[in-house]
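Q: Numbered according to the working numbering, the sequence shown spans residues 15 to 272.
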Amino acid sequence: MVTKKSITVLLAALLLTTSLMSNELIGKKYTLAQEYVNQKYFADALLTYQEIIGHDTKESGKAYFKIGDMYIVKGEPRKALVNYMRVYHVYDDTLKLEALSKMGDIYSNNLKDFKRAAECYSQVLKMDPQNKNAPDNLYKLGNLHYNKLKDKKKALECYLAVQSKYPKTQPAHDSLVAAADIYLLTNKDFKEAIKKYRIIDNDFPKSSVSALYLAGVIYEKNLKDKEEAIKAYEAFYKKYPKSKDASKALARLSKLRK
C-alpha cells in the first residue's frame, strides 16, 4: 500500500536527482501527483502539478488537464470545468478535444446544462470526426436529444450516424438498440425496428440484447406475421439455446404451432 511516508520518500528522491533530463523528471512528477490523487492528498497533488507548470510551460496544458481530472475525483466538477476550459481555450495541443469532451460530460452529468453539453459534443465532432472519442460523443449527443432535449428526430439521426460511421463499436451497438426503440415505440415503423435488431444480431453476436427474439415478438405482436415470427424464434433458439430468453422463445413457438 502506498502511504504518505513513501510518497514523501519519492519526492525527496526527485529533488536529489537534479541530473535527470527535464522530461524524465516531469514524468516522475506526474507519477508522484497521481499517487497523491490516489491517496486523496489533493493539496499535495495540486502543488506538484503547479510545479510542473512552473518548470516547463510546454507541459502546462497536460498539467491543467490533470488538475481537472483531480477535481473530478475530489467531487468538485465546477473547478474541474475551469481547468478543462483553460486547456481548451488556451492550449492548442492533443488534449484540446478531450478537454471539450470532458466539459460536455460535466455540463450533462453534473451541471444539468444539456444544451451546453450538446454544443460541446457537437463541436468535438465538427473539429475532428475521427477523434477517438467521436463514437461515444455522438452517442451521448443522441441520448441528450432523446432523454433531455426531447428531440427524437435528432436523436435518431445521431444514433443512425454512429452505426453508419463507426460500425461494430460499442457506441454503435448501443445506438442500434436506441434506434430500434424509437422505430418501435415512437415511429411505429416495425420493419425498420426489425432491421436494426438483425444488424445487432449479425454484428454483435455476444450482445446481451436478445435481438432475434425481439424481432420475433414484433413479427408476432405488431405485424401479425406468424410464419416470420416462427422463423425468428427458431433461429434465436438454435443460435442461443442458453440465453435468458430461450425458454420464452420455446413457449412462443409452442403457442404459435398449435
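Where a beta carbon is used, it is the ideal one built from N, C-alpha and C, also for glycine.
Would you verify that the beta carbon of Pro255 is, or is not, closer than 7 Å to some beta carbon of chain D?
A: No chain D appears in the structure shown, which is made up of a single protein chain.
Q: Which word fits Val231, buried or exposed, when buried means at least 16 other C-beta atoms lie within 10 angstroms of its C-beta?
A: Position 217 of the sequence shown, counted from the start, is the residue given in the question as residue 231. By the 10 Å Cβ count, Val231 comes out buried.
Q: Is the stretch 113 to 131 touching the stretch 150 to 162, taking contact as three or more C-beta pairs under 8 Å?
A: Contact between the stretch 113 to 131 and the stretch 150 to 162 is present, because at least three Cβ pairs lie under 8 Å.
Q: So within the stretch 52 to 136, which uninterrupted alpha helix (DSSP H) runs reach at least 4 residues, ignoring any that extend past its ends?
A: Correct list: 56 to 69, 74 to 88, 91 to 104, 110 to 123.
Q: Going by C-alpha distance, which of Lys202, Asp203, Thr200, Asp195 is nearest Ala225?
A: On the sequence shown, residue 225 is found 211 positions in, with the first residue counted as 1. With distances taken between Cα atoms, Ala225 lies closest to Asp195.
Q: By DSSP, does Leu237 sit in helix, in strand, or in coil?
A: Position 223 of the sequence shown holds residue 237. Of the three classes helix, strand and coil, the one that applies to Leu237 here is coil, per DSSP.
Q: So Ile81 and Leu60 are supposed to be a Cβ contact under 8 Å. How far apart are they, rounded?
A: As a first step, residue 81 must be located in the sequence shown, where it is residue number 67. As a first step, residue 60 must be located in the sequence shown, where it is residue number 46. Confirmed, Cβ separation roughly 7 Å.
Q: What is the rounded straight-line gap between the Cα of Val176 and the Cα of Ala192?
A: Position 162 of the sequence shown holds residue 176. Position 178 of the sequence shown holds residue 192. The alpha-carbon atoms of Val176 and Ala192 are separated by roughly 11 Å.
Q: Tell me the rounded alpha-carbon separation between Leu46 and Tyr160.
A: Translated into positions along the sequence shown, residue 46 becomes position 32. Translated into positions along the sequence shown, residue 160 becomes position 146. One C-alpha to the other measures close to 42 Å.
Q: Roughly how many angstroms lie between the CA atoms of Lys76 and Lys166, to the nearest whole one?
A: Looking up residue 76 in the sequence shown gives position 62. Looking up residue 166 in the sequence shown gives position 152. Whole-angstrom Cα-Cα distance: 37 Å.
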